[in-house]
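Visitor: Handing you a structure now.
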Amino acid sequence: MSPTSIFAPVSTPASTIFGLSMFVLVVTGAIFVVVFSLLAYASIKFRRKPEDHDCEPAQVYGSTQVELAWTVIPVLIVVVLFLASARVIASIQNAVAPPKAIAVTVIGHQYWWEYRYPDLKVVTANELHVPVSDPAHPTPTFLTLLSADTDHSFWVPRLAGKTDLIPNHPNRTWIEPRETGLFLGQCSQYCGVQHAKMLLRVYVQTRAEFDQWIQQQAKPAAETGAVFEGRRVFESTACINCHTIAGTVANGRFGPDLTHLMSRDTIASGAVANTRENLRRWIRDPSDFKPGCLMPAMGLGDAQLDSLTDYMETLR
Amino acid sequence: MSTGSIAWDAAAPERTPLVEILHGWVTTVDHKRLGIMYVGYALLLLMAGGVEAMIMRIQLIRPLNHFVSPEVFNRMFTMHGTTMIFFVVMPMLFGFANYLVPLMIGARDMAFPRLNAFSFWMTAFGGLFLYSSFIGGDGLYGAGNAPDVGWFAYAPLTSQTFSPGHSTDFWTLSLLVSGVGSIGTAINIFATIICMRCPVMTLGKMPLLAWMNLVMAGLVILAISPLTAAQVMLMVDRYLGGHFFDTQAGGSAVMWMHFFWVFGHPEVYVLVLPAFGFASEIIPVFSRKAIFGYPVMVAATVAIGFISMSVWAHHMFTVGMTSNANTFFVLSTMAIAVPTGIKIFNWLGTMWGGKIQFNTPMLFCVAFLFQFLMAGLTGIMQGAAPFDWQLTASYFVIAHFHYVIVGGILFTIFAAFYYWFPKVTGRMYNERVGKLHFWIFVIGFHLTFTVMHIPGILGMPRRIYTYEPGRGWDTWNLIITAGAFIQAVGILIFLGNLAWSYFRGALAGNDPWDAWTLEWSTASPPPAYNFAVIPEVRSRRPLWDLKHPEDPDWKYE
């Protein structure tokens with residue numbers, strides 16, 4: 203079973219779409235069976251037989267009744283499919299956010315995702331956390347979609363259809379997951395060299411877990427004297443121009459916020475697991491995992507790499 | 002292709018020196034020679050586009066493969082799409098139109114022979130220029146560059162910021178240049194059909210192929226113009242400080258999408274209408290019946306022409322248009338299914354009650370009917386905007402449009418090759434090898450493109466150079482790649498058959514298919530002047546009337 207099947211919806215827009223999809227599939231499937239059978243029948247039944255003489259078959263030039271029938275019936279089918287689609291379009295696109303909805307601003311960057319929770323004062327990257335929605339007290343998540351550079355598209359098939367992130371053109375989408383769990387997806391509008399490794403991970407949590415996660419993310423970075431050397435390396439190289447670590451001088455916005463890096467399961471926008479080994483290899487040369495990604499190799503020595511990785515590992 | 006078969010060369014008393022033969026081809030304004038050059042050129046670039054497709058399929062054969070780098074993969078899909086649309090299918094269809102339209106309407110040449118030559122060379126140079134980007138795309142200091150912005154080149158990826166160097170300029174300029182050629186050819190085809198028909202051939206007595214090329218030519222004029230305008234605007238952005246699509250300075254990325262798709266969707270019909278034309282000529286001849294419902298076929302063609310100008314934004318259901326705009330484009334998109342469905346039913350009606358001979362051209366046409374039915378129905382699925390929010394930009398959409406372009410258009414192009422090969426060369430192709438080509442290609446096609454719907458449904462986006470295991474995509478991609486290799490074998494068999502038959506095929510005679518349109522009334526290959534006496538026609542099937550004086554068509558039309 204694929205974790206990204208569009209036919210296994212767990213969230214409102216995706217399941218509404220799934221309902222329409224099944225309807226359209228049944229209608230088009232029926233048309234397919236009927237026309238396929240007619241074509242197959244004609245190809246077999248009317249093939250030239252050896253006993254046929256050279257004489258030509260009866261010449262028929264057309265038939266108004268038959269042609270009228272196969273014009274009117276498709277028109278009726280089209281009207282039905284159109285009305286069914288129009289209803290679903292309106293129900294999804296014109297949905298109003300309920301007061302308890304979670305608001306998240308999603309900013310697409312070349313090959314990673316920035317998530318900002320404006321009401322909850324939390325900024326994170328690449329792994330989106332949202333609460334599960336209880337049908338009695340719905341808490342959907344409404345996403346404002348922006349882009350910092352090129353076009354991207356937000357697609358987590360089991361939660362919702364795609365919506366593009368286009369610079370100068372804010373978009374909106376929403377999800378209302380009914381099950382907890384991890385849901386995968388990825389950027390689906392070609393955005394440059396590493397479009398393939400701009401992966402999406404959405405963690406749907408119980409309300410209590412989500413609140414706890416928010417609390418923890420809202421704190422500034424952990425302070426430990428033991429990793430002073432690693433922090434010095436971080437703050438004295440170009441790292442701080444692109445990355446933010448709350449509570450330090452690092453306030454760059456070009457790359458992901460690292461304040462709570464170790465609370466994430468993956469690095470490099472979902473490309474590899476967040477282990478010490480991968481983290482060190484990533485810092486040494488990001489193009490090992492993602493050739494063409496925009497983070498440069500800083501040319502650090504082994505000792506510097508070790509202490510920097512030590513420092514990163516404290517950012518919980 | 003060589004020139005030996007053209008009548009005036011064959012009649013020459015001594016062997017003409019090669020340089021003179023070449024000079025003859027380069028300077029020719031004969032619609033038949035230009036048609037052959039278009040087709041030969043398209044076959045050449047079909048090889049290039051095919052190699053690019055194979056490189057992508059090898060890269061995707063298993064997860065996390067390292068056959069090519071992401072940069073190379075991105076160039077491959079950009080070049081594959083651009084090549085196949087602009088430099089294979091379009092020139093191929095223009096070539097057939099050039100060759101066939103004057104012959105079928107009883108004319109001695111196109112309306113503007115020199116414009117015809119000019120247009121061919123513009124198209125040819127456009128393609129050569131595009132391919133020269135492999136050596137010069139980054140300013141000539143390092144080979145191996147080519148456009149990598151995707152064949153629809155969405156802004157702002159094409160701006161100087163995100164595409165430094167010149168690879169994007171090669172893409173832009175090659176489409177500008179070949180676009181001029183396409184518009185020239187379209188004007189020529191349009192004028193030829195309107196002004197050059199033989200006496201008494203009213204529009205209503207024209208072969209359907211001519212009708213469909215007439216509508217195609219109109220669409221080219223309407224659709225290529227906005228594309229050309231957009232390319233000029235992009236050049237202004239890149240070099241003259243314009244901000245049309247420069248989002249960092251307030252430009253609009255969405256405007257590029259509108260410009261591109263207002264070209265891009267009519268373009269689909271530009272490609273498919275001539276293919277419908279082939280089917281509308283070949284199916285009746287091999288069913289031994291007149292086309293069913295000629296007036297309705299014409300009306301459906303014209304309707305497709307009009308409606309196709311109002312469906313473009315169904316490529317943009319996910320870009321955040323209002324719900325009203327999305328709803329409108331659902332309606333217009335689904336509306337176009339009606340005239341298209343009518344065509345399929347009319348071809349079915351033509352076969353019904355016939356005595357169908359399954360020669361290679363007919364095999365390809367029948368497969369086209371089945372496959373185009375499927376392509377149309379997956380098109381309806383994507384026309385339902387919410388369903389499209391899931392399907393678009395996934396492998397499902399790749400499967401859908403390859404069903405249209407390969408399963409629909411390429412299959413009828415193969416049918417046309419086999420059907421008109423005896424007319425163009427004077428020799429029959431090898432029927433057994435033709436059937437072998439058909440079956441191998443059908444198997445390869447379905448392994449690749451029928452299976453390709455599935456990873457799309459399982460969430461695999463297009464244009465990714467690699468994917469991780471565990472998504473349920475691995476096996477499907479393996480099968481798809483296997484199918485691609487089988488198709489490649491089919492293409493080689495096809496080319497082999499053409500080459501062998503050109504030299505060794507049995508002599509065909511004027512009318513090997515016992516067909517009914519005017520091109521079969523002249524010699525194979527036709528003389529430079531096409532018809533010694535300009536024919537007069539009284540019905541849609543002049544040769545039927547000639548062969549059946551007791552039961553002529555004009556009594557019933």
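Just so you know, the sequences run in chain order A and B. Numbering (my numbering) for the first sequence: 203 to 518. Numbering (my numbering) for the second sequence: 2 to 558. We put the CB at the ideal spot given by N, CA and C, even for glycine.
(1) In three-state terms, what does DSSP make of tyrosine 142 of chain B?
(2) If I follow the unbroken alpha helix (DSSP H) through threonine 343 of chain A, where does it start and stop?
(3) Is glycine 5 of chain B helix, strand or coil when you go by DSSP?
(4) Note down the Cα distance separating methionine 453 of chain B from asparagine 478 of chain B, rounded to an integer number of angstroms.
(5) For chain B, check one thing: does any of its Cβ atoms lie closer than 8 Å to the Cβ of glutamate 381 of chain A?
(6) Isoleucine 184 of chain B and leucine 215 of chain B look like a contact to me (Cβ under 8 Å); what is the Cβ gap, rounded to whole Å?
(7) Using only alpha-carbon positions, find the residue among B:Leu547, B:Thr518, B:Glu551 that is nearest to alanine 108 of chain B.
(8) Over what stretch of residues does the beta strand (DSSP E) that includes alanine 305 of chain A continue unbroken?
(9) Taking all protein chains shown into account, decide if isoleucine 219 of chain A is buried (16 or more other Cβ within 10 angstroms of its Cβ) or exposed.
(10) Grouping DSSP H, G and I as helix and E and B as strand, with all else coil, what is glutamate 329 of chain A?
(11) Output yes if chain A places a C-beta closer than 8 Å to the C-beta of proline 543 of chain B; else output no.
(12) Give me the chain B residues within the contact set of glycine 387 of chain A, using Cβ-Cβ distance strictly less than 8 Å, ordered along the chain.
(13) Entirely within the region 149-218 of chain B and at least 4 residues each: give me those alpha helix (DSSP H) ranges in chain order.
(14) For glutamate 268 of chain B, I'd like the list of residues in its chain whose CB is within less than 6 Å of its CB, leaving aside the five on either flank, ordered along the chain.
(15) Would you list, in sequence order, the uninterrupted beta strand (DSSP E) runs of no fewer than 3 residues that lie entirely inside the region 246-282 of chain B?
(16) Give every residue of the same chain whose Cβ lies closer than 6 Å to the Cβ of methionine 234 of chain B, excluding the five residues on either side of it in the sequence, and list them in chain order.
(17) Entirely within the region 316-386 of chain B and at least 4 residues each: give me those alpha helix (DSSP H) ranges in chain order.
(18) Does the region 287-297 of chain B come close enough to the region 348-365 of chain B that 3 or more CB-CB pairs lie under 8 Å?
(19) If contacts are defined as beta-carbon pairs under 8 Å, then alanine 559 of chain B and arginine 463 of chain B qualify, I think. What distance do you get, rounded to the angstrom?
(20) With distances taken from CA atoms, which of A:Arg318, A:Val406, A:Lys302 is nearest isoleucine 309 of chain A?
(21) Can you check whether the C-beta of glycine 585 of chain B is within less than 8 Å of a C-beta belonging to chain A?
(22) Within 10 angstroms of its Cβ, does cysteine 196 of chain B collect 16 or more other Cβ (buried), or is it exposed?
(23) Identify whether alanine 475 of chain A lies in helix, strand or coil by the three-state DSSP scheme.
(24) Does the Cβ of alanine 210 of chain A lie closer than 7 Å to at least one heavy atom of the ligand GDP?
(25) Which same chain residues end up closer than 6 Å to glutamine 506 of chain A when comparing Cβ atoms and leaving out the 5 residues on each side of it in sequence?
(26) Of the residues B:Gly457, B:Ile337, B:Pro103, B:His24, which one's Cα is nearest the Cα of alanine 529 of chain B?
(27) Assign valine 298 of chain A to one of three DSSP states: helix, strand, or coil.
(28) Could you name the residues of the same chain whose beta carbon sits closer than 8 Å to that of valine 490 of chain B, not counting the 5 residues immediately before and after it, in chain order?
(29) Any beta carbon from chain A within less than 8 Å of glutamate 72 of chain B's own beta carbon?
(30) Please report the straight-line C-alpha distance between tryptophan 421 of chain B and glycine 25 of chain B, rounded to a whole angstrom.
(31) Are there 16 or more other CB atoms within 10 angstroms of the CB of threonine 162 of chain B, so buried, or fewer, so exposed?
(32) In chain A, what lies closer than 7 Å to proline 157 of chain B by C-beta?
(33) Where does isoleucine 377 of chain A fall in DSSP's three states?
(34) Assuming the contact rule is C-beta atoms closer than 8 Å, leucine 209 of chain B and methionine 298 of chain B should be a hit. Round their C-beta distance to whole Å, please.
(35) At least one CB of chain A closer than 8 Å to the CB of isoleucine 381 of chain B: is that the case?
(36) Decide if tyrosine 430 of chain B is buried, meaning its Cβ has at least 16 other Cβ atoms within 10 Å, or exposed.
Guide: Straight from the coordinates:
(1) Low confidence applies to tyrosine 142 of chain B: its pLDDT is 49, below 50, so where it sits in the model is not reliable, and the reading given next is rough at best. DSSP places tyrosine 142 of chain B in coil when its eight states are reduced to three.
(2) That residue, threonine 343 of chain A, is in no alpha helix (DSSP H); its beta strand (DSSP E) goes 343-349.
(3) Because the pLDDT at glycine 5 of chain B is just 45, under 50, the model does not fix this residue reliably, and the point stays unresolved.
(4) 8 Å
(5) no
(6) About 15 Å; that fails the 8 Å criterion.
(7) Selected option, being the one with the closest Cα: B:Thr518.
(8) 304-311
(9) buried
(10) strand
(11) No, proline 543 of chain B does not count as interfacial toward chain A.
(12) Gly460
(13) For the region 149-218 of chain B, whole alpha helix (DSSP H) runs of length 4 or above, ordered along the chain, are 168-196.
(14) Ala224
(15) none
(16) Phe245
(17) 324-336, 338-352, 361-384
(18) The region 348-365 of chain B, when compared against the region 287-297 of chain B, does touch it at the 8 Å Cβ threshold.
(19) Since the displayed chain B opens at 2 and closes at 558, residue 559 of chain B lies outside it and no answer follows.
(20) A:Arg318
(21) Outside the displayed range of chain B (2 to 558) lies residue 585 of chain B, so it cannot be described from this structure.
(22) exposed
(23) strand
(24) Questions concerning the ligand GDP fall outside what the structure shown contains, since it holds no ligand whatsoever.
(25) Val435
(26) B:Pro103
(27) coil
(28) Ile441, Gly445
(29) yes
(30) 23 Å
(31) By the neighbour-count definition (other C-beta atoms within 10 Å, threshold 16), threonine 162 of chain B is an exposed residue.
(32) Thr352, Pro369
(33) strand
(34) Contact check for leucine 209 of chain B and methionine 298 of chain B: beta-carbon distance about 6 Å, within the 8 Å limit, so the pair qualifies.
(35) The Cβ of isoleucine 381 of chain B sits closer than 8 Å to at least one Cβ of chain A.
(36) buried
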